[in-house]
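Novice:
Residue numbers (this note's numbering), protein chains in the order written: chain A, 1 to 288; chain B, 289 to 562.
(1) Give, in chain order, every residue of the segment 457-470 of chain B whose Cβ lies closer than 9 Å to some Cβ of chain A.
(2) Between which two residues does the alpha helix (DSSP H) harbouring residue 196 (chain A) extend?
(3) Note down, one range per segment and in chain order, each alpha helix (DSSP H) of at least 4 residues found wholly within the segment 333-375 of chain B.
(4) Buried or exposed: where does residue 163 (chain A) fall if 16 or more other Cβ atoms within 10 Å of its Cβ makes it buried?
(5) Can you look up residue 525 (chain B) in the DSSP assignment and give me helix, strand or coil?
(6) Residue 281 (chain A) and residue 268 (chain A): beta carbons closer than 8 Å?
(7) In the DSSP assignment, find the beta strand (DSSP E) that holds residue 26 (chain A) and state where it starts and stops.
(8) Applying a beta-carbon distance threshold of less than 9 Å, which residues of chain B neighbour residue 84 (chain A)?
(9) Any idea what DSSP makes of residue 275 (chain A), helix, strand or coil?
(10) Going by CA-CA distance only, name the one from B:346, B:322 and B:338 that's closest to residue 305 (chain B).
(11) Taking C-beta pairs closer than 8 Å, name the residues in chain B that residue 159 (chain A) reaches, listed in chain order.
(12) Does the beta-carbon of residue 270 (chain B) have 16 or more other beta-carbons within 10 angstroms, so that it is buried, or is it exposed?
(13) Please return the same chain residues whose Cβ sits closer than 7 Å to the Cβ of residue 545 (chain B), not counting the five positions on each side in sequence.
(14) Touching or not, the segment 488-500 of chain B and the segment 440-459 of chain B, by the rule of three or more beta carbon pairs under 8 Å?
(15) Could you pull out every residue in the same chain whose Cβ sits closer than 7 Å to the Cβ of residue 340 (chain B), ignoring the five residues on either side in sequence?
(16) Along the chain, where does the beta strand (DSSP E) containing residue 227 (chain A) start, and where does it finish?
(17) Using a Cβ-Cβ distance cut-off of 8 Å, determine whether residue 109 (chain A) contacts chain B.
(18) In chain A, what lies closer than 8 Å to residue 429 (chain B) by C-beta?
(19) Give the list of continuous alpha helix (DSSP H) stretches no shorter than 4 residues that lie fully inside the segment 113-182 of chain A.
(20) Confirm, please, whether the CB-CB distance from residue 154 (chain A) to residue 143 (chain A) is below 8 Å.
(21) By DSSP, does residue 488 (chain B) sit in helix, in strand, or in coil?
(22) Decide if residue 293 (chain B) is buried, meaning its Cβ has at least 16 other Cβ atoms within 10 Å, or exposed.
(23) Please compile the residues from chain A whose C-beta is within a distance smaller than 7 Å of the C-beta of residue 495 (chain B).
(24) Measure the Cβ-Cβ separation of residue 318 (chain B) and residue 542 (chain B) and say whether it is below 8 Å.
(25) For my contact list, residue 230 (chain A) and residue 210 (chain A) are in at a C-beta cut-off of 8 Å; report their separation, rounded to the angstrom.
(26) Quick check: is the beta carbon of residue 491 (chain B) nearer than 8 Å to any beta carbon in chain A?
(27) Closest to residue 497 (chain B) by CA distance: which of A:185, A:245, A:99 and A:111 is it?
(28) Could you give the DSSP three-state label for residue 59 (chain A): helix, strand or coil?
(29) Quick test of your reading: residue 73 (chain A) and residue 217 (chain A), contact by CB under 8 Å. State the CB separation rounded to the nearest angstrom.
(30) Mapping the DSSP letters down to three states, classify residue 291 (chain B) as helix, strand or coil.
(31) Please return the same chain residues whose Cβ sits closer than 6 Å to the Cβ of residue 167 (chain A), not counting the five positions on each side in sequence.
(32) According to DSSP, which residues form a beta bridge with residue 389 (chain B)?
(33) Is the separation between the beta-carbon of residue 331 (chain B) and that of residue 558 (chain B) shorter than 8 Å?
(34) Among B:365, B:388, B:363 and B:307, which has the Cα closest to the Cα of residue 375 (chain B)?
(35) Check whether the segment 462-480 of chain B and the segment 92-110 of chain A are in contact - that is, three or more C-beta pairs closer than 8 Å.
(36) What do you get for residue 182 (chain A), buried or exposed, if any count of 16 or more other CB atoms within 10 angstroms of its CB means buried?
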């Protein structure tokens, strides 16, 4: 297993040495494997948004180390800008950061800051706008003429165009309809497949986590309270409930059915999984 | 940009906190006038002691109060120096170097001027910034200005604009922080380069900030209309302020304090301003 990002004993404090001091993270230890899709869940104020800002050096930990490919990102503080190109962060509601006259120019902002030449920038704009499903025509529009979902995808393309090795997304699908959500998650999956990138998704939607992530990290009060494969994490429902989270609806349904004697044989998190198992059971090929 | 404490309201529940907002504005005005009426050493000493007593009455830690003074330290120093050297006294100068001549009167005048500025800042801090919530403040201003309604001045609208502005300062400040972080994640650099380069780097922050400010204004206007907002006409208030004995006593005491300061001007001890 290849460690892409590693956090060692990381703590973060807001407003240090003032009466308003808040400890946002306490001794966090984490490994993110290269090429994986990791989900970070936690209720509001659990420290997950602070955590993602540490991955690309937007915030400097009060103590502890953040390693990218085994190298401390704060070893040379002057070169922290380079880390931000390698670890692309899509913040919450990224559509509010669009500012250029055209969508194309906005997507080009990141690559231009990297110092790429005009041809390379244009190539990236074309490639990644197509990847998130924006048409050539959309590219010439003002960002403010796009719909909410399109704006969100344009903003995500703006980060992808920097070709980060790690793509971190904070609530990428918040406030979108199911079609918009799927478009975004499919684009993220495609980016990962094409670029071989590592993906980290922060969310509190258990359904999205269950469907999209290999591994789930649960945060509460600035600490990692659970960390493992989704099967491991979702099987301890009590723990999730105790930190103010919930298991996916379909998992709850499966548990109810299990208590009435229908054995799914494993923990289910997605509706399609459950449907498959139920269909097989009904056609006689199931467990009972 | 984190944790900007705009509006320095510091709740302690002291007597001064509990005074009516309008009364506090009046007290602050009396305090300012009294400060300018002080001329003699005796009245300045009295002003200083009185102000100190008021600071203690607010039960706000001294360190917090001094923080508001820290902002004007340079103004105090410059005022002191200018007054010290530009006052021409009657007796022999203390010393004279090149164009700088220092008289004993200069030092007195400089000290008094610095004390006046200090007293102005402390007075408004005690009565307004630290002890009055922004909402109480705008309500009080509206109430105090209400006679101007007779002249068809839109006093209510003015107060409403002021409270909306105050309400949104923290929101916009958070928003600025968020947008700056987002652009930094895309490689924006706000701290290095020439002045022009740095100013240009702010465009990606200012455009989204203005867009979002207008969006907020639009949403707020719709929300206000949905709740049947139609300006000040016939609008009632949730909390109607009433003057009580405490408020009247406070104004009385403050007036007496001012009168005492004026009387103390007659005490000719050491130095009197000219």
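Glycine included, each C-beta is placed from N, C-alpha and C at the ideal position.
Specialist: A quick look at the data gives this:
(1) 463, 466, 467, 469 and 470
(2) Per DSSP, residue 196 (chain A) belongs to no alpha helix (DSSP H) and is neither H nor E.
(3) 350-358 and 361-374
(4) buried
(5) coil
(6) no
(7) 22-33
(8) 472, 473, 474 and 475
(9) helix
(10) B:346
(11) 473 and 474
(12) Residue 270 (chain B) is absent from the model: chain B starts at 289 and stops at 562.
(13) 322 and 338
(14) no
(15) none
(16) 223-229
(17) yes
(18) Result: empty, since nearest Cβ-Cβ is about 29 Å, beyond 8 Å.
(19) 118-131, 136-139 and 148-160
(20) yes
(21) helix
(22) Residue placement at residue 293 (chain B) cannot be trusted, given a pLDDT of 45 that sits under 50; what the coordinates show is reported in the next sentence. Label assigned to residue 293 (chain B): exposed.
(23) 99
(24) yes
(25) 6 Å
(26) yes
(27) A:99
(28) coil
(29) In fact, because the Cβ distance is near 19 Å, the residues do not count as touching under 8 Å.
(30) Confidence in residue 291 (chain B) is poor, its pLDDT being 39 and thus under 50, which makes the residue's placement unreliable; the coordinate value appears in the next sentence. Looking at residue 291 (chain B) - three-state DSSP - the assignment turns out to be coil, as it is neither helix nor strand.
(31) 88, 197 and 199
(32) B:384
(33) no
(34) B:388
(35) yes
(36) exposed
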